[in-house]
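If you count by the numbering used here, then the sequence shown holds residues 2 to 71, one letter each, in order. Beta carbons are placed, not taken as given, at the ideal position from N, Cα and C, and that holds for glycine. See below for the structure under consideration.
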Amino acid sequence: MTDDPDGEKKPATVFGADFGEWALAVCVGGVGGAVLGSMWGDTPTGMGMGSVAGIFYLLFWRGEKKESSR
2 MTDDPDGEKK PATVFGADFG EWALAVCVGG VGGAVLGSMW GDTPTGMGMG SVAGIFYLLF
62 WRGEKKESSR
C-alpha cells in the first residue's frame, strides 16, 4: 500500500497496474495460450506465449487506451 497525498491508502502499482491486474493478465493469457497451444500440440509453449502476450497487453495497449480516455 502507498500513501496518497489526500491521505488515502492505495494499492502499490507496477507500471500503473496493481497486483490483481498483473495476475489476471498472466493467467488469462496463459490459459488462452494453452488452449491455442494444444491445437498445435505444444501446450507449454502456448502458455508461455500467452502469458507474454498478457503482459504486453497490460504494459502497452491498455496503457495507451487509458491515456487516450483522459
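Residue i: which of the options sits nearest, CA to CA?
i	options	result
residue 34	22, 45 and 51	51
residue 45	60, 32 and 56	32
Can you give the beta carbon distance from residue i to residue j, rounded, assuming they're within the 8 Å contact cut?
i	j	result
residue 47	residue 38	2 Å
residue 16	residue 60	6 Å
Is residue i near residue j, with beta carbons less than 8 Å apart?
i	j	result
residue 18	residue 58	no
To which residues does DSSP link residue i through a beta bridge?
i	result
residue 73	Given that the chain is displayed from residue 2 to residue 71, the structure contains no residue 73 and the question cannot be resolved.
List, from N- to C-terminal side, the alpha helix (DSSP H) runs of 4 residues or more that fit wholly inside the stretch 35-64. 44-57
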